[in-house]
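Note sheet for the following structure.
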Amino acid sequence: MEATKSSDETTIHIPESTSTRGKAAATVPAMVVSTKATQAGGWKRGVAIFDFILRLCAIAAALAATATMGTTDQTLPFFTQFFQFQASYDDLPAFQFFVIANAVASGYLVLSLPFSIVGIVRPHLTGVRLLLIIFDTVMVALITAAAAAAASIVYLAHSGNTNANWNPICQQFGDFCQSVSGAVVASFIAAAIFIFLVMLSAVALKRH
Numbered sequence: 001m002e003a004t005k006s007s008d009e010t011t012i013h014i015p016e017s018t019s020t021r022g023k024a025a026a027t028v029p030a031m032v033v034s035t036k037a038t039q040a041g042g043w044k045r046g047v048a049i050f051d052f053i054l055r056l057c058a059i060a061a062a063l064a065a066t067a068t069m070g071t072t073d074q075t076l077p078f079f080t081q082f083f084q085f086q087a088s089y090d091d092l093p094a095f096q097f098f099v100i101a102n103a104v105a106s107g108y109l110v111l112s113l114p115f116s117i118v119g120i121v122r123p124h125l126t127g128v129r130l131l132l133i134i135f136d137t138v139m140v141a142l143i144t145a146a147a148a149a150a151a152s153i154v155y156l157a158h159s160g161n162t163n164a165n166w167n168p169i170c171q172q173f174g175d176f177c178q179s180v181s182g183a184v185v186a187s188f189i190a191a192a193i194f195i196f197l198v199m200l201s202a203v204a205l206k207r208h
């Protein structure tokens, strides 16, 4: 401490102590780290909320595909009841696999909703996100395979195959073809949402 005396006033200089400077220097980095953690937590919570919304959309698409394909049935009217032509989804194994795969995906999506909610409440948990990305990847393969198999049958129903002497049937079974085509489109939408969910989870894990 130094005192300087002049004609009008006296000024006392108090030097800053070493302990005070050390505390200030230690406080600033702690505040910076806390701010970064808060920003990261907010970003991850936003990703988790978006993940939950996408899962609801995927449930709607997968259930629509399952219900539409599972209830597809058309019988052509004829003059007698003894000769009737009928088209149903269970006549083709590809359509049966389609219904089973989309039903499994729908059930998985419903079961994954609580885990997605945990990701919103605890955005820094990596175990939940890792579990979801593994099962989402499996569902991508299952839904894509089912939709592709059904799409090939729908294409044959619309266009036929002259080399194999397969005639198109959509001119006669118009309602049947329209229903199965809509189911395939809904399934591909669900597959696209699953792919986006996997990418979203991968980005969230990378920025951890």
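Going by UniProt numbering, the first residue of the sequence shown is number 1, and it counts up by one from there. Positions of the beta carbon are idealized from the N, C-alpha and C atoms, including for glycine. All of these numbers come straight from a predicted model, not from anything done at the bench.
Sequence-distant residues of the same chain with beta carbon closer than 7 angstroms to residue i, five excluded per side
| i | result |
| --- | --- |
| Val-198 | Ile-133, Asp-136, Thr-137, Val-140 |
| Phe-188 | Ala-147 |
| Asn-54 | It should be noted that the sequence gives Leu, not Asn, for residue 54. Excluding sequence neighbours, Leu-54 sits near Ile-193, Phe-196, Leu-197. |
| Trp-166 | Leu-156, Gly-160 |
| Phe-97 | Ala-146, Ala-149 |
Contacts around residue i, its chain only, beta-carbon distance under 6 angstroms, and the 5 residues preceding and following it disregarded
| i | result |
| --- | --- |
| Ala-64 | Ala-186 |
| Ala-62 | Asn-102, Ala-105, Ser-106, Ala-190 |
| Ala-151 | Val-184 |
| Tyr-89 | Met-69, Thr-72, Phe-95 |
| Val-28 | A caution first: Val-28 carries a pLDDT of 43, below 50, which makes its placement in the model unreliable, though a value can still be read off. There are no such residues. |
Candidates the options, of which the one nearest residue i by Cα
| i | options | result |
| --- | --- | --- |
| Met-69 | Ser-106, Ala-183, Ala-103, Asn-165 | Ala-183 |
| Ile-120 | Arg-45, Ala-204, Val-99 | Arg-45 |
| Ala-94 | Leu-56, Val-47, Val-180 | Val-180 |
| Val-154 | Phe-176, Asn-163, Ala-164, Leu-109 | Phe-176 |
| Asp-51 | Ala-67, Val-118, Ile-143 | Val-118 |
| Ala-58 | Ala-48, Leu-109, Leu-92 | Leu-109 |
Residue i (DSSP reduced to helix, strand or coil)
| i | result |
| --- | --- |
| Asn-167 | coil |
| Ala-191 | helix |
| Ser-201 | helix |
Own chain residues within Cβ distance below 8 angstroms of residue i, not counting five before or after
| i | result |
| --- | --- |
| Ile-49 | Ile-120 |
Exercise. If you scan the region 67-154 from start to end, which runs of the alpha helix (DSSP H) of 4 or more residues do you find wholly inside it?
Worked result: 93-121
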